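Accompanying notes for the structure given below.
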Amino acid sequence: MKALLKVEQLQTYIEQYHILHDIHLQAMEGEVTVLLGRNGAGKTTTLRSIMGLNQPRSGKVIFQEAEIQGKAPFEIANLGIGYVPEDQGIFGELTVEENMKVAMQKQDDETLKRLDWILNLFPDLKTFWKKAGGHLSGGQKQMLSIARAYVNNSKLLLIDEPSKGLAPIVVEKVMESIEEMKKETTIVLVEQNFYMASTIGDTFYIIDDGKTVHNGKMEELKEDEVLRKRYLGIA
Amino acid sequence: MEVLVNLAVNGLATGMLIFLLAAGLTLIFGLMDVVNFGHGALFAWGAYAGIWTYVTTGSFVVGILAAIITGLLLGLVLEKYIIQPVYGNHIQQILITLGVLIVLSEMLKVVWGPNQLSARTPSYLAGSWEFGDIIIIKYRLFIIAVGFIVFFLIRYILKNTKIGLIVRAGVINKEMVQALGINIKKVFMYVFMVGAAMAALGGILLGPYSGVIYAEMGMEFGILAFIVVVIGGMGNIKGSLFAAILVGVCGSFMAYYVPALSLAVNMLLMVIVLVFRPQGLFGAKG
Amino acid sequence: MEPILQTSDLTIAFGGHIAVNKVNFTVKENEFKSIIGPNGAGKTTFFNLLSGQLQASEGNILFKGEDITKLSPTMRTRKGIGRSFQITNVFPNLTVLENVRLAVQSQAGVRYNMLSHFLSFRSFQDKALEWLSMVFLDEKANVIAKNLAHGEKRKLEIAMLLALETEILLLDEPTAGMSIEEVPAILEVIKNIKKQGNRTIVLIEHKMDMILDLSESITVLFNGKLLADGTPEEIMNNETVQTAYLGGLYDESAS
Amino acid sequence: MIQTMDRKNMLYGLIFVALLCIPFVTDSRTLLIMFTQIFLFGIFAMSYDILLGYTGIVSFGHAMFFGIGAYSTGILMKQIDSTIPVLLLAIVLAAVLSGLVSYLLGILSLRLKSHFYAMLTLAFSGLFLVLAEKWRSVTYGNDGFTFSIPDPLRDRMTLYFIALITMALVFLLLNRFTNSPLGKVLQAIRENEPRVESLGYNVLHYKVIASVVAGVFASVAGSLYVLTLRFVNTSVLAVEVSLDALLMTIIGGVGTLVGAIIGAGLIEFAHHWLTGLAKVHWIFERWLIFFGILYILVVMFFPQGIVGTFRNWREKRSVRNKKVIEEKKNISG
Amino acid sequence: GDDDTITIGVLASLTGGLESYGKQTVQGFELGLEYATDGKMEVAGKKIKFIVEDTETKPEVAIQKATKLLEDDKVDFLVGSSSSGDTLAVLPLAEEYEKIMVVEPAAADSVTGADWNKYVFRTARNSSQDAVAGAAAIASEGVKIATFAPDYSFGHDGVSAFKEAAVALGAEIVLEEYADPTATDFTSNIQKILDAQPDYLFVVWAGANSPWNQIADMRVQERGIKISTGAPDIPALYTMEQLVGMEGFTVYYHTLPDNPINDWLVENHKEKFNGDVPDLFTPGGMTAALAIVEALKQTEGKTDTDLLIETMEGMSFDTPKGKMTFRPDDHQALQTLYAVRLEKVDGVDYPVPVLIRELSPEETAPPIRNK
Ligand SMILES: Nc1ncnc2c1ncn2[C@@H]1O[C@H](COP(=O)(O)OP(=O)(O)OP(=O)(O)O)[C@@H](O)[C@H]1O
Ligand SMILES: Nc1ncnc2c1ncn2[C@@H]1O[C@H](COP(=O)(O)OP(=O)(O)OP(=O)(O)O)[C@@H](O)[C@H]1O
Ligand SMILES: [Mg+2]
Ligand SMILES: [Mg+2]
């Protein structure tokens, strides 16, 4: 197995603030890599730096053997990287349909088939197809945000806290869908719901104060109570 | 009866002219949410470049092309160097585009001198037809026609292509659009250029309408364009068309029947519309 | 105990869609009540009706026996109904401290004073800091709110609600996105608040273990309608709730 | 924190004293008049800043209140008598009238969303302009009229002091106003209006209060303005006047009050200097171009306005310094 | 100025909408001094210096600049300004500093009417003179006239004076139309004029936007309504192509006056300003200079204001437009105006005002309104 995405010694500043000090990570092809860490640790900033939404000051982001740091976000997206931001990034004045349309890079059969699959996964979106995105419920917005990333045939998906605001039954569904996506897509996931993270994650990284402080296979973490207590405060 | 027809046709034509001036602003202000006070300067430049070319080459069509090209070029330069850094910040937009308005208006005087220029109607569009007491001015029919063409063109672009959607999405959340793989910078640039070109087109068409162009026309008609875009409903091209026609027709009838109020007609119209429909004629509620 | 807040046939429709449908809901004084339900069930909308962000199209709301259906959000807050928002809703360009201070100031009833300097109300500052430390955010007191990480914003949201010191606290998924380690601590804070004063709490959450741990009673909304209302045991044994909402997820934990 | 406050107040005090001395140092009337203008427009811009900077309301019709002040004063001086009591009466009357108009306008329209409110104010000030144009028997239309002012005020120096002291007073007052608990609520409204409501504040009340305060002080500025001109015509109601307020506020930095004064000063100075240059070289005959370029440069180099950008810069520096100190601590510790 | 220099401050709009008027005044003034002093820039042994300031057509700027001239430059005379508003704003300063102000080319009646003070002398014609000339050109017993003017003071002033003069000549005013000067569409107003079926349409107009195209398009002339107006400056004449044949009046066109001063003006103007001929307000600027120099000659260089006033009241002097006289009552210069017809002239690509007859100073004397 090879690493689809490698992040090396990533440092990011936002304005004058030094947010990421030293981030390392590798996302293996076909795996779900989970980033864990407390609030404000820098998980979101890591994903944003990969996406080019925050420009890293130094370090490397390597995707499919090529360095992509410094590229514009749209270029990075067009390499086949999808992104679900933590604040959902819904276009509130656009309808659900229009939100999806903006996201769809192609209109081919494959994409339409995927759209079908998504609408079956989240029937709410079908129900509210013509409704303004801003008028959806919190959970529905989350679904829409995930749906926008799913609709394109991405090689890599960066997903920031997908389970937040979702009803347990939908969390289940999202987990299933990620399992399904895994066949073709590599996934980097930020998730606070440890149940979900541990169930679908293959590899984990713990980020603290802008640094990756620990990483390993998910099994290890599940078994290692000490580690969990130390970094995640849970037994 | 004849009077009514005359007033209606002339009001409609004036409305169409105003629509042509405002159409570009519907894109730039209404859709892209850029408070572009420099818009008026764009039509003044369109008018000067167009009329000058028309006079030099003798061809009105070439003049129109020149105006459009001038608009595109100015749009390109403005977007790239002036507007791009201030997207999303109305306060900075106001200041910087006021600067642009001043610079561009004064530059006109540097290039073409401070005097007004006379703008003649091309002979094939000059004059009027008379049917009894009904007088139809040819140039006005021409304006009405061009107005409809421009209207349907923009509507087509906005309705049947993804561009309108992308721009609206980009205004709401630029980052997210980029993260979806769209080069929003480019899209914004093209839309701005088209908006500028339409302003320039409005400018040259205004020339023969009143027979004269002058550097201050930008400031004078700029506000009118804003009024039309706002009372039509932000970013709604159909709204702009209706609002422009409303302004034109009301102006025409007021001037005939209630001349005492004709100075105030635009302002009154705006007050009435905004008090009863705060979101504008065709604006989405909320 | 008296019902402190009561709705009868509370209804609102958006276009053709009835988001809240004839809901009869009661919460007793000093009760800890939770509302659960699938996404889009109408929970947030129901809160919006209670707090006045939306006006009901039918039905009414009684607060301590008084009909408050037509009151503005402002008046409802003043009467004692405070809420937090599901989608973070703070003052982005003010500091964290200023955010909370505004709530403290409102609570103290200093609203139209335009002649004294705000610093002359030292107690506001101190109190705001106190609330912040309660949600572990005092270190970030001088940070501009928009620069907070998501989880931190959630904490700020809670601090602002707490600072209002209203009799009823309506909490809309307060811990969504908060890190696992801190959730228990925040819950502890909420519990304490309730213990200290005479507080009624209504909580919307999707985290069932948390709800079961805290709630004295649970209301289930489904498709805008009130589906069930009862003690946690009753609700967990309700089959419709199981299939429609939980999806078998908590089968074991319930028993 | 407190220390910097004291330092700031001392600086303001010093500047005020320096300004008080100017008339005794120079006898250039041009300079005096220019400063008087700066003070007047400083008041006007500060009043606008209450709307734009502190409450987040864009108005394109602020000239309306300036004009009410200007015309009330002019008309009373001409029609009744040019004595000090009449003048005071005029100023108070104008302020009351402005307050009333802004109150009614606020109640009517402050519920509207930003663009629409801005356009509505534009419309109303447009209607006032038409009124001034049409009510020719009193206003003499667009030509305007001259009037005389109370004798003790004829000296430019007196006017200078009056303007300066009024500006200082207005500054102190508005500074207190913006730093009052109520002022803080205004800032919150600028940030997130609906949220303020659910904190238990009645947003409309606050917006109306802000608009009345802004209107009243704008009218004071208008009254003083025509006092220095002894002439009034419809140009006091022109859109350009509203835009001037807007520009001065933005250039100085919205939400800073001092910024408004600095903005007024900068525009007047630049204006004076550039028009002066017009005689030096033919290039500057089109000095307006350079004026426009100035606006553009301000946005590029002072995106938050002069005072705003300066504050930002100082904040950043202090963060950096703190960091350096911390790092040093870490190394030594 | 100091003892052996006489300083004159000229206020004019050098930027903004009235820029071309301002420039005409300044150029004329410069030439006027040159002519009056034979290029020596001296009168009665004293040097003459002038300083031009731009009012930007803003009253507050006008006041600032005027004060600068009066205080810092210590000018002996003020000249100006292009806009009536600016001029009115400056008048009280002339009174306060007790300096002569020669008003040129502002035309508002109130300058020599309600807002007049004794320091004000006007070489420009005022709106009433225009109107009287306009009336003289077309009004006679039983003629029906409609007027059309912009809806602001300039238009209203002009029409009311015209009405007075025209009615005195026996004409009947059948319609007074006013239009928003910044409007794009004047056809409604023209429609009303058509409805009223007057013999003449008298138009009072100034400013960039103009109604001529639309008047032609609405076939006003074809319906037997003759159009009359004041011929404007040359750039504006370009827009009046369709009005060839129109009869009206003008303040000045360079071929109209027949006297040596005008010949000199045309020739030197061409020489100095690369072939351009003097335009509408150029002779006005020159006239202001001539008036001042003439007054100084008579006082032998003394700048004592009272003496100057005494000298100038009733003073007659030669100008490019013939002899002018400051009438003692309101210091308005009575002057020749010209009844003209617009004609196509070979080699000129705009309609040219051709003389019908000179309207003598007495004939166009406006009513005295400063009492
Ligand atoms: N624009 C900004 N300016 C200053 N600091 C910022 C900015 N954006 C983020 N930060 C800071 O960077 C740190 C990391 O933020 P980030 O959003 O990456 O955290 P996170 O791990 O995603 O947290 P959470 O779990 O709460 O979402 C936080 O302390 C935050 O305050
Ligand atoms: N302003 C609105 N306009 C139109 N429809 C709305 C509006 N607000 C909510 N809705 C709709 O009403 C329904 C209920 O939404 P609500 O936000 O109350 O759900 P919720 O129970 O809070 O869900 P979640 O758990 O996802 O937050 C949803 O289907 C939503 O799309
Ligand atoms: Mg995060
Ligand atoms: Mg919800």
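Chains A, B, C, D and E supply the protein sequences, listed in that same order.
Per the working numbering, the very first residue in the first sequence carries number 1; after that it's consecutive.
Per the working numbering, the very first residue in the second sequence carries number 236; after that it's consecutive.
Per the working numbering, the very first residue in the third sequence carries number 522; after that it's consecutive.
Per the working numbering, the very first residue in the fourth sequence carries number 777; after that it's consecutive.
Per the working numbering, the very first residue in the fifth sequence carries number 1110; after that it's consecutive.
No residue lacks a Cβ here, since even glycine has one placed at the ideal position from N, Cα and C.
Note that this is a predicted model, so its numbers are computed, not measured.
Check: Just how far apart, CA to CA, sit E:Gly1110 and E:Asp1385?
Finding: Your numbering for residue 1110 of chain E matches position 1 in the fifth sequence. Your numbering for residue 1385 of chain E matches position 276 in the fifth sequence. Note that E:Gly1110 has pLDDT 48, beneath the 50 cutoff, so the model's placement of it is unreliable and no number is given.
Notebook entry, point to check: Using the rule of at least 16 other Cβ atoms within 10 Å of the residue's Cβ for burial, across every protein chain shown, is D:Met853 buried or exposed?
Noted result: Walking along the fourth sequence from the start, residue 853 of chain D turns up at place 77. Looking at its Cβ environment, which holds 16 or more other Cβ atoms inside 10 Å, D:Met853 is buried.
Notebook entry, point to check: So, is the C-beta of B:Gly416 closer than 8 Å to a C-beta in chain A?
Noted result: The residue labelled residue 416 of chain B in the question sits at position 181 within the second sequence. So, interface residue.
Notebook entry, point to check: Can you name the residues of chain B whose CB is closer than 7 Å to the CB of E:Glu1128?
Noted result: For the purposes of this step, residue 1128 of chain E is identified with residue 19 of the fifth sequence, where counting begins at 1. The answer, in chain order, is Pro349.
Item checked: Nearest residue (CA-CA) to E:Glu1162, options D:Gly845, D:Cys797, D:Ala964, D:Trp1049 -> Counted from its first residue, the fifth sequence places residue 1162 of chain E at position 53. The option with the nearest alpha carbon to E:Glu1162 is D:Trp1049.
Notebook entry, point to check: Using a beta-carbon distance cut-off of less than 7 Å, what residues from the region 669-698 of chain C approach chain A?
Noted result: Ala670, His671, Gly672, Glu673, Glu694, Ala697, Gly698
Item checked: Cβ-Cβ distance between B:Gly524 and B:Leu262 below 8 Å -> Residue 524 of chain B cannot be examined here, being either before or after the span of chain B that is shown, 236 to 521.
Margin query: Taking 7 Å as the cut-off, is the beta-carbon of E:Arg1234 closer than that to any non-hydrogen atom of ligand 6?
Written below: The model depicted lacks ligand 6 and carries ligand 1, ligand 2, ligand 3 and ligand 4 instead.
Checklist line | Residues that A:Tyr231 contacts on chain B, provided the C-beta gap is smaller than 7 Å | finding: Here the question's residue 231 of chain A lines up with position 231 in the first sequence. Within 7 Å Cβ-Cβ: nothing; A:Tyr231 doesn't reach chain B, min ~29 Å.
Notebook entry, point to check: Counting only beta-carbon atoms, is C:Leu615 nearer than 8 Å to chain D?
Noted result: Taking the first residue of the third sequence as position 1, residue 615 of chain C is located at position 94. It does; some Cβ of chain D falls within 8 Å.
Check: At which residues does the alpha helix (DSSP H) containing C:His538 begin and terminate?
Finding: By one-based count along the third sequence, residue 538 of chain C stands at place 17. Counting along the chain, C:His538 falls outside any alpha helix (DSSP H), though it belongs to the beta strand (DSSP E) covering 538-549.
Check: A:Val174 and A:Ser163 look like a contact to me (Cβ under 8 Å); what is the Cβ gap, rounded to whole Å?
Finding: Residue numbering aside, residue 174 of chain A sits at position 174 when the first sequence is read from its first letter. Residue numbering aside, residue 163 of chain A sits at position 163 when the first sequence is read from its first letter. Their Cβ separation, rounded to whole angstroms, is 7 Å, which keeps A:Val174 and A:Ser163 in contact under 8 Å.
Notebook entry, point to check: At a CB-CB cut-off below 8 Å, which residues of chain C make contact with D:Gly959?
Noted result: Position 183 of the fourth sequence, counted from the start, is the residue given in the question as residue 959 of chain D. Correct list: Met635, Phe639.
Next item on the list: List the endpoints of the continuous beta strand (DSSP E) containing A:Val84.
Entry: Start at 1 with the first residue of the first sequence, and residue 84 of chain A comes out as number 84. Element bounds for A:Val84: 81-84.
Note to self: At a cut-off of 7 Å, would you count A:Ser163 as near ligand 4, judging by its Cβ distance to the nearest heavy atom?
What the structure shows: Locating residue 163 of chain A in the first sequence gives position 163, counting from the first residue. Answer for A:Ser163: no, Cβ out of range of ligand 4.
Checklist line | Chain-ordered residues of the region 34-56 of chain A with a beta carbon less than 7 Å from chain C | finding: Arg38, Asn39, Gly40, Thr44
Item checked: Members of the region 144-158 of chain A that neighbour chain B once the beta carbon cut-off is set at 8 Å -> Arg148, Asn152
Notebook entry, point to check: What does D:Thr849 reach in chain E if we use C-beta pairs closer than 7 Å?
Noted result: Along the fourth sequence, read from residue 1 onward, the residue named residue 849 of chain D stands at position 73. Going along chain E, no residue has its Cβ under 7 Å from D:Thr849, so there is no contact; the nearest lies around 15 Å.
Notebook entry, point to check: If we count the other Cβ atoms within 10 Å of its Cβ and call it buried at 16 or more, is D:Leu948 buried or exposed?
Noted result: As a working mapping, residue 948 of chain D is identified with position 172 in the fourth sequence. Exposed is the call here.
Check: For the region 162-181 of chain A, which residues have a CB atom closer than 7 Å to at least one CB atom of chain C, in sequence order?
Finding: Lys164, Gly165, Leu166, Ala167, Pro168, Ile169, Val170, Glu172
Check: So what does DSSP say about C:Arg720, is it helix, strand or coil?
Finding: Working through the third sequence from its first residue, we reach residue 720 of chain C at position 199. The answer is coil: DSSP assigns C:Arg720 none of H, G, I, E or B.
Check: Can you tell me the Cα-Cα spacing of E:Ala1121 and E:Gly1394, whole angstroms?
Finding: Translated into the one-based positions of the fifth sequence, residue 1121 of chain E becomes position 12. Translated into the one-based positions of the fifth sequence, residue 1394 of chain E becomes position 285. Whole-angstrom Cα-Cα distance: 10 Å.
Notebook entry, point to check: Exposed or buried, what is D:Met777 when buried is set at 16 or more other beta-carbons lying within 10 Å of its beta-carbon?
Noted result: For the purposes of this step, residue 777 of chain D is identified with residue 1 of the fourth sequence, where counting begins at 1. The pLDDT assigned to D:Met777 is 49, lower than 50, so where the model puts this residue is not dependable, and the model offers no usable value.
Check: By Cβ distance, which residues of its chain are closer than 7 Å to C:Asn759, with the 5 residues on each side in sequence left out?
Finding: Taking the third sequence and counting its residues from 1, one reaches residue 759 of chain C at position 238. Hits under 7 Å: Ala749.
Check: Does B:Gln319 get closer than 8 Å to chain A when you measure Cβ to Cβ?
Finding: One-based indexing of the second sequence puts residue 319 of chain B at position 84. No, because no Cβ of chain A sits closer than 8 Å to the Cβ of B:Gln319.
Item checked: Min CB distance B:Tyr289 to chain E below 8 Å -> What you label residue 289 of chain B is simply residue 54 of the second sequence in a count that begins at 1. Judged by the 8 Å Cβ criterion, B:Tyr289 is not in contact with chain E.
Checklist line | Cβ-based neighbour list, C:Glu523, same chain, cut-off 6 Å, excluding 5 preceding and 5 following | finding: Residue mapping note: residue 523 of chain C aligns to position 2 of the third sequence, counting from 1. Counting only Cβ-Cβ distances below 6 Å, and skipping sequence neighbours, we find Glu550.
Margin query: Following a CB-centred definition, is C:His727 positioned closer than 7 Å to any heavy atom of ligand 3?
Written below: As a position in the third sequence, residue 727 of chain C is number 206, starting the count at 1. C:His727 Cβ: outside cutoff for every heavy atom of ligand 3.
Note to self: Give me the residue from B:Phe517, B:Ile480, B:Gly442, B:Asn471 with the minimum Cα distance to B:Leu459.
What the structure shows: To locate residue 459 of chain B, count along the second sequence from 1; it is residue 224. Taking only the C-alpha atoms, the option nearest B:Leu459 is B:Ile480.
Next item on the list: Report yes or no: do the region 975-987 of chain D and the region 828-835 of chain D share at least 3 C-beta pairs separated by less than 8 Å?
Entry: yes
Check: If we cut at 8 Å on Cβ distances, does E:Lys1411 have a partner in chain B?
Finding: The residue you call residue 1411 of chain E lines up with position 302 of the fifth sequence. No, because no Cβ of chain B sits closer than 8 Å to the Cβ of E:Lys1411.
Checklist line | Short Cβ contact (8 Å threshold) for C:Val741 with C:Ile557 | finding: Walking along the third sequence from the start, residue 741 of chain C turns up at place 220. Walking along the third sequence from the start, residue 557 of chain C turns up at place 36. Yes. Within cutoff.
Margin query: Using 8 Å as the threshold, is the C-beta distance between D:Leu1003 and D:Leu935 below it?
Written below: In the fourth sequence, counting from the first residue as 1, residue 1003 of chain D sits at position 227. In the fourth sequence, counting from the first residue as 1, residue 935 of chain D sits at position 159. Contact: yes.
Next item on the list: Name, in chain order, the residues that DSSP records as bridge partners for C:Arg604.
Entry: Stepping through the third sequence from its first residue, residue 604 of chain C is reached at position 83. BP columns for C:Arg604 point to C:Leu691.
Margin query: Any beta carbon from chain D within less than 8 Å of B:Gly525's own beta carbon?
Written below: The structure shown does not extend to residue 525 of chain B, since chain B spans only 236 to 521, so no value can be given for it.
Notebook entry, point to check: Does the beta-carbon distance from E:Ile1299 to E:Leu1284 come in below 8 Å?
Noted result: For this step, residue 1299 of chain E is matched to residue 190 along the fifth sequence. For this step, residue 1284 of chain E is matched to residue 175 along the fifth sequence. The answer is no: Cβ separation not under 8 Å.
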